[in-house]
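Residue 718 in the numbering used here is what sits at position 57 of the sequence shown, and the numbering runs on without skipping anything.
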Amino acid sequence: MPKRLPAFFYKLPLRAQRCYLKSDSIASFDGFAAGLEAKGRLADLQNALESGTLRTVQDGAVALMSELCRGFGVAGIRVEVRGVRPHNARGELHGLFRLSRPPEIVLWMRTAQRHEVVKPRTFLRTLLHELCHYLDYSLLKLEDSYHTMGFFKRESFLVRSLIGTERKAKS
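Here it is in structure tokens:
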């Protein structure tokens, strides 16, 4: 049975459809393995989240992203961590990737309703989700970054590369 594509796919221009299908066909980042340095930076970030201090979390996120970008051989990306997540009737915004000059990731470290620090695993998944958007452009050279099944497989690949296959990472 052929894979079912979302309805909006058929409204995309042909060039965008090709980009979507290419993204969907890539399930991992070949040759990437998170080294001890990246795992150490992750541990630092998790400790920073436990402290609940914005500046410490900012520094931890920047250090981890710098190490991951180095590992991928791509230019570093600007990372900004903010306090309480913005929200509206549709839900809370966890993170944002901006294809600006330079590209940047914006993340929020506290929940909108209770202002609690988000769980480390949630923060990491959001950070890696936004990194995947950046890697779609900088590493895979895609013209756009769609939320394809391949995209989410790449995100999961990164999570597994950093924390292994266990169900929970210090949450």
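Note that the Cβ used here is the ideal one computed from N, Cα and C, for glycine as well.
Since the structure is predicted, the reported quantities are computational estimates derived from the model, not experimental observations.
Counting only the same chain and skipping the five closest in sequence on each side, list residues whose C-beta sits under 6 angstroms from that of residue i.
| i | result |
| --- | --- |
| Pro-763 | Arg-739 |
| Leu-757 | Val-767 |
| Gly-737 | Ser-727 and Cys-730 |
| Glu-765 | Arg-739 and Arg-759 |
| Lys-621 | One cannot answer for residue 621 here, as it falls past the ends of the chain, which runs 662 to 832. |
| Ala-709 | Thr-717, Val-718 and Gly-721 |
Kindly list the residues whose CB is nearer than 8 angstroms to the CB of residue i, restricted to its own chain and excluding five residues on each side of it in sequence; keep chain order.
| i | result |
| --- | --- |
| Gln-719 | Val-740, Glu-741 and Val-742 |
Just confirm the distance between the C-beta atoms of residue i and residue j, as a whole number of angstroms; I'd bet it's less than 8 angstroms.
| i | j | result |
| --- | --- | --- |
| Leu-792 | Ala-695 | With 8 angstroms as the limit, Leu-792 and Ala-695 do not qualify as a contact, their Cβ atoms being about 12 angstroms apart. |
| Ser-684 | Phe-818 | Not confirmed; about 14 angstroms, so no contact. |
| Ala-699 | Leu-725 | 7 angstroms |
| Leu-800 | Val-735 | 5 angstroms |
| His-790 | Glu-816 | 5 angstroms |
Quick check on residue i: does DSSP put it in helix, strand or coil?
| i | result |
| --- | --- |
| Ser-689 | coil |
| Tyr-807 | coil |
| Leu-819 | helix |
| Leu-789 | helix |
| Ala-694 | coil |
| Arg-782 | helix |
| Arg-875 | Residue 875 falls outside the range modelled here, since the chain spans only 662 to 832, and no answer is possible. |
| Leu-800 | coil |
| Lys-616 | Here the chain covers residues 662 to 832 and nothing more, so residue 616 does not appear. |
| Phe-812 | helix |
Here's a check: name, in chain order, each residue in its chain whose Cβ is nearer than 7 angstroms to the Cβ of residue i, leaving out the five neighbours to either side.
| i | result |
| --- | --- |
| Gln-678 | Phe-670 |
| Met-848 | The displayed coordinates of the chain run from 662 to 832. Any statement about residue 848 would go beyond what the structure contains. |
| Leu-666 | none |
| Val-778 | Leu-710, Gly-713, Met-770 and Arg-771 |
*Can you give, in chain order, each stretch of the alpha helix (DSSP H) that sits fully within the stretch 698 to 777 and has at least 4 residues?*
715 to 733
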